[in-house]
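Numbering-wise (my numbering), the sequence shown opens with residue 11 and increments by one.
The structure appears below as structure tokens.
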Amino acid sequence: QKILKELGGDFIFFPFSLHMEYEKLKEVFLVHKPDIVVNLAQQPSAPFSHKSRIHAVHTTRGNLIGTINMLYAIKETNPEVRLIQIGSMGEYNPAVGISIPEGKFDFAYKNGVIRDAIFPRAPGSVYHASKVASTYYIDCACKWWGLSATDIMQGVVFGNWTPEIEKTELHTRLDSDEAFGTVVNRFIIQALL
11 QKILKELGGD
21 FIFFPFSLHM
31 EYEKLKEVFL
41 VHKPDIVVNL
51 AQQPSAPFSH
61 KSRIHAVHTT
71 RGNLIGTINM
81 LYAIKETNPE
91 VRLIQIGSMG
101 EYNPAVGISI
111 PEGKFDFAYK
121 NGVIRDAIFP
131 RAPGSVYHAS
141 KVASTYYIDC
151 ACKWWGLSAT
161 DIMQGVVFGN
171 WTPEIEKTEL
181 HTRLDSDEAF
191 GTVVNRFIIQ
201 ALL
């Protein structure tokens, strides 16, 4: 937090579970009046979501209810707040074989009518299905209520160093376990041990 403050702006961090407690979440919006909210409060692991039924339910409940609560809190307190949501490249089918456009894409029906839509999704896990649903909830909220959101589709990160990290000293986690880590990160840790 100290380094973020030095970079400028006010950053406020809240407990991971806050997004599941709607009235408390809404109170945070009313008291702090944010301009931007970055929603990082989601279970981020496909392997974790497949461990058992309980893990699948935990993933789905937290990721979907949390997103809905966040959207309603913005709608009911200040619709001008911009939501930054962390999506996943795993929402897409990698075998699609074409470039995935930014935003929406245009398509034509056989009768020639042209529409736009979110690029088709093809999740490969319970986790990724929850991210797809979150993407659609956000898209609907923006259409219905005029909210503003950016859904950033991130991919897997190997290691934890970049020139930007060295400059700012804002370090990321280096997960190396079977549920949250990557095999590359596990090999890095094994080599260090």
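Quick reminder that beta carbons are idealized off the backbone N, C-alpha and C, glycines included.
What does residue i pair with, by DSSP beta-bridge criteria?
i   : result
Q52 : Note: Q52 sits in no beta bridge, so no partner.
V47 : L93
S98 : Q164
Quick one: what does DSSP say residue i is sitting in, helix, strand or coil?
i    : result
F117 : strand
T192 : coil
I175 : helix
I124 : strand
S186 : coil
L203 : coil
F129 : coil
E16  : helix
L28  : helix
F21  : coil
S59  : helix
I108 : coil
H181 : coil
N103 : coil
Assuming residue i and residue j form a contact by the criterion Cβ under 8 Å, report the distance between their Cβ atoms to the nearest whole angstrom.
i    : j    : result
V91  : V41  : So it is not a contact: roughly 13 Å between Cβ atoms.
N73  : S144 : 6 Å
L202 : N195 : At roughly 11 Å, the Cβ-Cβ gap does not stay under 8 Å, so L202 and N195 are not in contact.
L49  : M80  : The residue you asked about is not Leu; residue 49 is Asn in the sequence shown. N49 to M80, Cβ: 5 Å. Contact.
D116 : I108 : Contact doesn't hold; Cβ gap of about 14 Å is too wide.
F39  : N88  : 7 Å
N103 : A56  : Wrong, their Cβ atoms sit about 14 Å apart, outside the cutoff.
A159 : C152 : 6 Å
L35  : A83  : 5 Å
When you compare each of the options to residue i by their alpha carbons, which one comes out closest?
i    : options                   : result
I128 : Y147, G134 and H65        : Y147
G165 : K141, E31 and V123        : K141
S27  : I75, F115, P44 and K61    : I75
V67  : E16, I175, Q53 and N88    : Q53
A139 : G18, F58, T172 and T70    : T70
I94  : Q200, W171, D161 and D20  : D161
S59  : F190, I199, G107 and I108 : F190
I110 : V193, W171 and M163       : M163
L157 : K36, E86, Y137 and E112   : E86
M30  : E188, A118 and I78        : I78
K114 : G97, Y32, E101 and P130   : P130
I198 : D45, K120 and W171        : W171
Which residues bound the beta strand (DSSP E) around residue i?
i    : result
M163 : S158 to Q164
Can you name the start and end residues of the alpha helix (DSSP H) that residue i belongs to?
i    : result
L35  : Y32 to H42
G76  : G76 to T87
D149 : V136 to W155
For residue i, is the beta carbon positioned less than 6 Å from some heavy atom of the ligand ATP?
i   : result
F24 : This structure simply doesn't include the ligand ATP, nor any ligand for that matter.
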